[in-house]
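Written below as structure tokens is the structure these notes are about.
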Amino acid sequence: MSVSAPSEAAPQSVAPASIGLVWARTALASGGWLLGCAAVAVIGIVALGLGRYAIEPLDVIRILLSRIGFIETDVSDTARRVVELVRAPRILSAALAGAILGMTGAALQGIFRNPLVGPQIIGVTSGASFGGALAILLVGTTAATVGFAFVFGLVAVFLVYTIARVGGRAPVLMLVLAGVVVSAAFTAFVSLIKYVADPNDTLPAIVYWLMGSFATATYDKLFILTLAVLGSVLVLHALRFRINIMSLGEEEATALGIRVEPTRWAILAAVALGVAGVVSVAGVVGWVGLVMPHLARMIVGPDHRKLLPAAALAGAGYLIIVDTLARTMSAAEIPIGILTALVGAPVFAVLLRRLHLKGWGRG
Amino acid sequence: MSPQHSSSPSRQDVEINPAKAEAKFIPNKIVKDTLLVASFLGLAAIAGATIGKADDVTVTDVNGFSVTLTEPSQRSAPLPPPLGTFAIAIPGDADHLVTAHPWSKAVMMQGSLAGYFPSLADLPTGAVGGGFAPNIEELLATDPDLVFQVGFIGDDVLAPIIAAGLPVLTINVTANDDAMDWIPMMGAAYGVEDRADWILSWRKETLASITQTLAGLGDEDRPTVAHLARYGDALRVVGGGHFRSWQIEAMGGVNVASEVPQRSAEISAEQLIAWDPEIILLNAFQPDLMPQMVYDDPVLQSLAAVRERRVYAFPVGGDRWEAPVAESPLGWMWLSELLHPDRFRWDYTAEITAAHEMLYGQTPPPNAIGRMLKLDANQGSTGYERFSAF
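Taken in order, these protein sequences are the chains called A and B.
My numbering runs 746 ahead of the 1-based position in the first sequence.
My numbering runs 1 ahead of the 1-based position in the second sequence.
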């Protein structure tokens, strides 16, 4: 799997512990990360064996091994194309998208100190939606959809930044309100595009794309997504410790020597990059960025050095499973946004009840 | 007045001789034209006799809406997309419509009609938007005496029109040839019942003759077909709930996606591979779509339709032949021959010319036939040379 989770196990406050204890904890933590990565990999490989075109699970393994060069195989060309050109880029895209949605959701919940925040709060989702819908309406090519979604996603964040900035700084409240304003504006523009779109074919294409789908995943799109995710992950990973401090609150962070404004904007830009990448290749995939950080926080706690990679792993595994359901349950694709919401909403309700007991209280 | 029909297909069980086909069709066309002129003269006589009676005409649609017209509609507003070109074909001119759906206007500009009726370039389209929602003020600004609207998506798209005091007739669109209901209704509204009779008879006769030619066709002789409603940025197939699915079955094919209940639905490439249709039809709603794009698609290389190069872009005449339009019989000729080249051999120059003369009173220019049949786009596809033989 191409989900690269940093597997460092940063021990905290272990000063009095013996060296042996540190080693044991490190080994245990590393084992946990390995287990997490392995679980995502297994989910991915199982998903590779499922689909509307019947392929023996063993043939899938043969195709994979022969691609690496281990064995020769006489599996049919059709099966090979289905596995290599249809399923593989799709599963990798779902994994990467789930990972970055989980990770950005965790980062945003940290810096906004709010458990109800997801990537849509800073306007990037609706901005990218508008860009993609505009491209389907005017151009109709995949490259245009991806490009427009990406550019307008970043434009939306820039607008949020401009509106929220008062006297050289942007308070959290202003950011959230500006995000609401910009989201509302772009949502209205999306409605306008739906209104003028051809109801026979363009409109369904836009509506379907907005609901989110990995159905048209290709290696080209995967490449774009990978670049966006890499850029986003590098920044978020580099700032993981600062996110911890920011989650204490603005005054505490300033007192601890963090330059709050630049740090916050670096994080927001990284989130925008990652989420725009996802929207541009798969449309709007809701709920993952909201729910997965909570799940991860229940397992590894609120320390963002662990929480970010854990949310990424949880998001990756979750989205592979949901997308596999979307493409196998019926001949017609089920929009993934419907499934993530159907699964996400009740899970989130349960998590909310538990939040009173743990997790946020420890932040 | 006896309606005239298009010629039935020239069934040929042996090798086709183009000269023979030509010789066979020309007298046919002359007879047809003569009959047309005669029928128009007869119509003029009857019309002259009835002028001044000012009998009210009540027209009722399939959903029970009815309007009473003191005189035939002169300024109609056909809001559903397929009715835009019907509102030209049924009265035989472009003077009876004051607005059309943007999608309908697009195909008027893209196909033959812009050349036949240059005034269409100025036709306003603001009266209806996405989701069939009418814009009442724009609609009122076009001063229509009759509005056509869809009757199957709830009252919201109808109530404002009725509230504005405009007479409205509705249509349904199901997985059948609903145009058989629209034609007599529009003919009555425009006061051209005999033209509507002819257009309907041509439709029924063409369908009947194809059905007859296909009689005894075994299931194993029906090629499997996927009609792509969108390709490129998304992959959508025509599902079992659409006219276009009925059309495939009626022309002796099997719609691989008939299990999908929707009109069209997003599918994965893998699902298309699992269905593995023998023939793929490309929609004309994306005007730039070409079979070569499918042939070049690395994911679809193993499809039988790609290996045997049997991907075809649907033609566009006055409207898109794949849709329920006045020219549907031409689309049926094309599709029946595509699916069963051993059973059908239509003379497209003769059929299209006759149809356009009847429907629009216009003769297509010589190079237009090939453009309608998309000879350029389809030239790399198996067997398409037979369509350029004219």
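Don't be surprised by glycine CBs; every beta carbon is placed ideally from N, CA and C.
Bear in mind the structure is a predicted one, so any value in this text is a computation, not a measurement.
### Query
Which class does residue 25(B) belong to by DSSP, given the choice of helix, strand or coil?
Confidence in residue 25(B) is poor, its pLDDT being 38 and thus under 50, which makes the residue's placement too unreliable to answer from.
### Task
Within 10 angstroms of the Cβ of residue 871(A), are there 16 or more other Cβ atoms? Answer buried if so, exposed if not.
Residue 871(A) is buried by the Cβ-count criterion.
### Query
Considering only the beta carbon of each residue, do residue 951(A) and residue 1019(A) sit closer than 7 Å?
no
### Query
Are the CB atoms of residue 961(A) and residue 269(B) nearer to each other than 7 Å?
Yes; because the gap between Cβ atoms is below 7 Å, this pair is in contact.
### Message
Quick check: what's the CA-CA separation for residue 252(B) versus residue 273(B)?
### Response
21 Å
### Task
Would you please state the rounded distance, in angstroms, between the beta carbons of residue 361(B) and residue 184(B)? I believe it to be under 8 Å.
15 Å between Cβ atoms; not a contact.
### Query
How long is the line joining the alpha carbons of residue 351(B) and residue 367(B), rounded to whole angstroms?
11 Å
### Task
Note down the Cα distance separating residue 114(B) from residue 92(B), rounded to an integer number of angstroms.
14 Å
### Task
Mind checking the segment 307-334 of chain B against chain A and listing, in chain order, the residues whose C-beta falls within less than 8 Å of any C-beta there?
none
### Message
I'd like to know whether the C-beta atoms of residue 833(A) and residue 804(A) end up nearer to each other than 7 Å.
### Response
no
### Message
Give me the DSSP bridge partner(s) of residue 321(B).
### Response
317(B)
### Query
Do the segment 220-233 of chain B and the segment 276-293 of chain B meet, that is, are 3 or more Cβ pairs less than 8 Å apart?
yes
### Message
Given the structure, does residue 175(B) come close to the ligand ADP, in the sense that its CB is under 6 Å from one of the ligand's heavy atoms?
### Response
The ligand ADP is not part of the structure shown, which contains no ligands of any sort.
### Task
Under 9 Å between beta-carbons, which chain A residues line up against residue 202(B)? List them in chain order, please.
Simply none; closest approach about 28 Å.
#### Entry: For residue 187(B), the nearest candidate out of 98(B), 340(B), 226(B) (CA to CA)
Of the candidates 98(B), 340(B), 226(B), the residue whose Cα lies closest to the Cα of residue 187(B) is 98(B).
### Query
Does any residue of chain B bring its CB to less than 7 Å from the CB of residue 1086(A)?
no
### Task
Rank 935(A), 868(A), 818(A) by C-alpha distance to the C-alpha of residue 876(A) and give the top, closest one.
935(A)
### Query
What did DSSP end up calling residue 267(B) once you bin it into helix, strand or coil?
strand
### Query
Do the segment 1000-1013 of chain A and the segment 1062-1075 of chain A meet, that is, are 3 or more Cβ pairs less than 8 Å apart?
Counting Cβ pairs under 8 Å, fewer than three are found: no touch.
### Message
So the candidates are 329(B), 65(B), 277(B); which of them puts its Cα closest to the Cα of residue 312(B)?
### Response
277(B)
### Task
Give the single residue among 818(A), 774(A), 771(A), 787(A) whose Cα lies nearest to the Cα of residue 1059(A).
787(A)
### Query
Going along the chain, which residues of its own chain have a beta-carbon closer than 6 Å to the beta-carbon of residue 67(B), five neighbours each way excluded?
Around residue 67(B): 59, 61.
### Query
DSSP puts residue 231(B) in a beta bridge; with which residues?
237(B)
### Query
Taking buried to mean at least 16 other C-beta atoms within 10 Å of its own C-beta, is residue 991(A) buried or exposed?
It counts as buried.
### Task
Using a cut-off of 7 Å between C-beta atoms, extract the partners of residue 287(B) located in chain A.
886
### Task
Compare the C-alpha of residue 331(B) against each of 345(B), 349(B), 314(B), 77(B) and name the closest.
349(B)
### Query
Assuming residue 881(A) and residue 890(A) make a contact with CB atoms under 8 Å, what is their CB distance in whole Å?
4 Å
### Message
One question on the structure: do residue 846(A) and residue 903(A) come within less than 7 Å of each other, judged by their Cβ atoms?
### Response
no
### Task
Consider the Cβ of residue 58(B): report whether some Cβ of chain A lies at a distance smaller than 7 Å.
Not an interface residue.
### Message
Just to confirm before moving on: does the CB-CB distance between residue 829(A) and residue 809(A) stay below 7 Å?
### Response
yes
### Query
How would you call residue 776(A), buried or exposed, if buried means at least 16 neighbouring beta carbons within 10 angstroms?
Taking all protein chains in view, the Cβ of residue 776(A) is surrounded by fewer than 16 other Cβ atoms within 10 Å, so the residue is classified as exposed.
### Query
In chain order, what residues of the same chain have a beta carbon less than 6 Å from the beta carbon of residue 928(A), not counting five sequence neighbours either side?
Hits under 6 Å: 869, 902, 905, 906.
### Query
Does any C-beta atom of chain B lie closer than 7 Å to the C-beta of residue 830(A)?
no
### Query
Of all Cβ atoms in chain A, is any one closer than 7 Å to the Cβ of residue 235(B)?
yes
#### Entry: Coil, strand or helix - residue 346(B) by DSSP
In this structure, residue 346(B) counts as coil in the three-state DSSP scheme.
### Task
Step through the CB atoms of chain A and report whether any lies within less than 7 Å of the CB of residue 239(B).
no
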